[in-house]
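When we follow the working numbering, the leftmost residue of the sequence shown carries the number 89, and every step to the right adds one. Note that the Cβ used here is the ideal one computed from N, Cα and C, for glycine as well.
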Amino acid sequence: MKHIGLLCSGGDSPGMNCAIRAVVRSSLYHGRQVTGIKRGYAGLLRGEFQNMNLSSVGNIIQRGGTVLQTSRSPEFMKPEFRKKAVSIMKAQGIEGLVVIGGDGSFNGAMSLWTEHQFPVVGIPGTIDNDISNTEYTIGFDTAVQTAIEAVDRIRDTAHSHARTFLVEVMGRNSSSIALKVGVCTGAENVLLPHDKVNHQKIVDDIQRGIARGKESSIIIVAEGPTAGRSYEIQQVLKDMYHMDTHVVILGHIQRGGSPAANDRFIASQMGNMAVDALLAGKYPVVTVVQNGKVMLTDLANCTTKADHNFTEYQTLAQTLSI
Ligand code: F6P
Numbered sequence: 089m090k091h092i093g094l095l096c097s098g099g100d101s102p103g104m105n106c107a108i109r110a111v112v113r114s115s116l117y118h119g120r121q122v123t124g125i126k127r128g129y130a131g132l133l134r135g136e137f138q139n140m141n142l143s144s145v146g147n148i149i150q151r152g153g154t155v156l157q158t159s160r161s162p163e164f165m166k167p168e169f170r171k172k173a174v175s176i177m178k179a180q181g182i183e184g185l186v187v188i189g190g191d192g193s194f195n196g197a198m199s200l201w202t203e204h205q206f207p208v209v210g211i212p213g214t215i216d217n218d219i220s221n222t223e224y225t226i227g228f229d230t231a232v233q234t235a236i237e238a239v240d241r242i243r244d245t246a247h248s249h250a251r252t253f254l255v256e257v258m259g260r261n262s263s264s265i266a267l268k269v270g271v272c273t274g275a276e277n278v279l280l281p282h283d284k285v286n287h288q289k290i291v292d293d294i295q296r297g298i299a300r301g302k303e304s305s306i307i308i309v310a311e312g313p314t315a316g317r318s319y320e321i322q323q324v325l326k327d328m329y330h331m332d333t334h335v336v337i338l339g340h341i342q343r344g345g346s347p348a349a350n351d352r353f354i355a356s357q358m359g360n361m362a363v364d365a366l367l368a369g370k371y372p373v374v375t376v377v378q379n380g381k382v383m384l385t386d387l388a389n390c391t392t393k394a395d396h397n398f399t400e401y402q403t404l405a406q407t408l409s410i
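Below you can see the structure in the form of structure tokens.
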């Protein structure tokens, strides 16, 4: 394989640039050509190509987002567009593709392989940490750290005014961000995406805290399928329990910022391993973390969502905040 293509797809995550850098530098190290594809599968269908050289990835290791940009492409879900994508890549001389993204992006990659035998390797990049068969996805640690810093600031003002805050974190149906942030910020409660909210328990916990002299309460709310869920919870607490709470939705702040050490380190290893896999003819695969080690697994193992929903962390957060 002489020519590798590379794209990011789905929501961006801090550390994607480290993976891009590793793919480009590893390919060039082995004397291969690399083409960056702008704006994910949508850009691929428009032939948005950029030849990557050593300097194309200089000074990006510390930058959040993705220099190649990204997109969500509904078109790519249709076979005729995937067929078109393969002919566009072949016309460009691209012989193998590295896809940095989440499970949806991997489904697109899988179809390129099953329908056209086009060589693909996936690198898990999403703040949600929700891809099957990998313990880690690039961006998770940075997003968690960003959320922790935000909650710490909210705690300062919550304490000063003796208030309760509902802080909503990203992650869609994944509990990973909410649980880790909850434990690490001493939250009084963590509401998971599919939890049927027990308002009475929230109220009881808060009142018990007040009775023992607590000046503030933080409840971490996992956003679930639709962001803004915290406002409904706030309304019920007000209408039925006469309890005033404040809502903060952290939103896309969690997606930006300079990648943390873990994201840089894992992304660098994964980018390098992805190129080695393509050059060794090992595809379709994904670079994953299993038992704390970066390794390869079949792409078919990583095309579904996995919620690292360890409810024991929910109990831990509550136990430690009594
Ligand atoms: O999948 C990553 C993620 O940040 C989710 O946590 C969030 O629900 C979603 O993307 C937001 O997507 P968008 O940026 O397209 O609104």
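Residue interval of the beta strand (DSSP E) (run including residue i)
i	result
F137	137 to 140
Q378	373 to 378
S305	305 to 310
K381	381 to 386
C96	91 to 96
H334	334 to 337
Q121	121 to 125
Beta-carbon proximity list for residue i, same chain, < 6 Å, skipping 5 on both sides
i	result
I475	This structure gives no information on residue 475, because the portion of the chain shown stretches from 89 to 410.
Y45	For residue 45 there is no data in the structure shown, the boundaries of the chain being 89 and 410.
T222	P212, V376, V377
S193	S97, G98, V187
S262	D216, D218, D395
A348	D229, T230, Q233
F164	Y129, G196
S54	Examination of residue 54 is not possible in this model, given that the chain is present from 89 through 410 alone.
S159	R127, G128, A130
M198	L387, T391
A405	G270, V271, A275, V278
I294	T252, S305
Run of the alpha helix (DSSP H) containing residue i, from where it starts to where it stops
i	result
N147	Taken as a continuous stretch (DSSP letters only), N147 belongs to no alpha helix (DSSP H), as it is neither H nor E.
T399	399 to 408
Q323	317 to 329
M258	From DSSP, M258 is part of no alpha helix (DSSP H); its letter is neither H nor E.
V291	287 to 299
S346	No alpha helix (DSSP H) holds S346; DSSP gives it neither H nor E.
V269	264 to 272
L133	128 to 133
N277	From DSSP, N277 is part of no alpha helix (DSSP H) but of the beta strand (DSSP E) over 277 to 279.
I108	104 to 117
I176	167 to 180
Same chain, Cβ closer than 8 Å to residue i, neighbours up to 5 away in sequence not counted
i	result
Y319	V335
M358	A107, A110, I211, P212, I226, T375, V382
H247	E303, S304
K326	D332, T333
L133	S161, E163, F164, F169, K172, A173, I176
D240	T273
V324	V285, H287
L367	M89, H118, R120
L280	S263, A266, L267, A310, N397, T399, Q402
L408	V271, G274
Y245	A quick correction: the sequence has Thr, not Tyr, at residue 245. Answer for T245: R251, listed in chain order.
Where residue i falls, given that 16 or more other Cβ within 10 Å makes a residue buried
i	result
G190	buried
E276	buried
Y371	buried
K90	exposed
F228	buried
R243	buried
K289	exposed
Q150	exposed
I410	exposed
R300	exposed
G369	exposed
N379	exposed
8 Å contact criterion, which residue i and residue j should meet: CB distance rounded
i	j	result
I148	N105	4 Å
I215	R343	6 Å
V255	L338	7 Å
I236	V269	6 Å
P102	S346	7 Å
K393	S143	Contact flag wrong, Cβ pair sits at about 37 Å.
Sequence-distant residues of its chain with Cβ nearer than 7 Å to residue i (five each side left out)
i	result
Y224	N217, I354, V377
V174	L200, H204, F206
D373	In the sequence under discussion, the amino acid at residue 373 is Val, which differs from the Asp named in the question. Around V373: V209, A365, L384, T385, D386, L387.
V145	I108, R109, V112, R113
F398	L267
N139	T123
K126	E136, Q138, L156, Q157
Q180	T123, F137
R251	S304, H334
G411	The structure shown does not extend to residue 411, since the chain is modelled only from 89 through 410, so no value can be given for it.
D100	G153, T154, T158, R343
Could I get the ranges of all uninterrupted alpha helix (DSSP H) runs contained in the segment 190 to 251, with 4 residues as the minimum, in chain order? 191 to 204, 228 to 249
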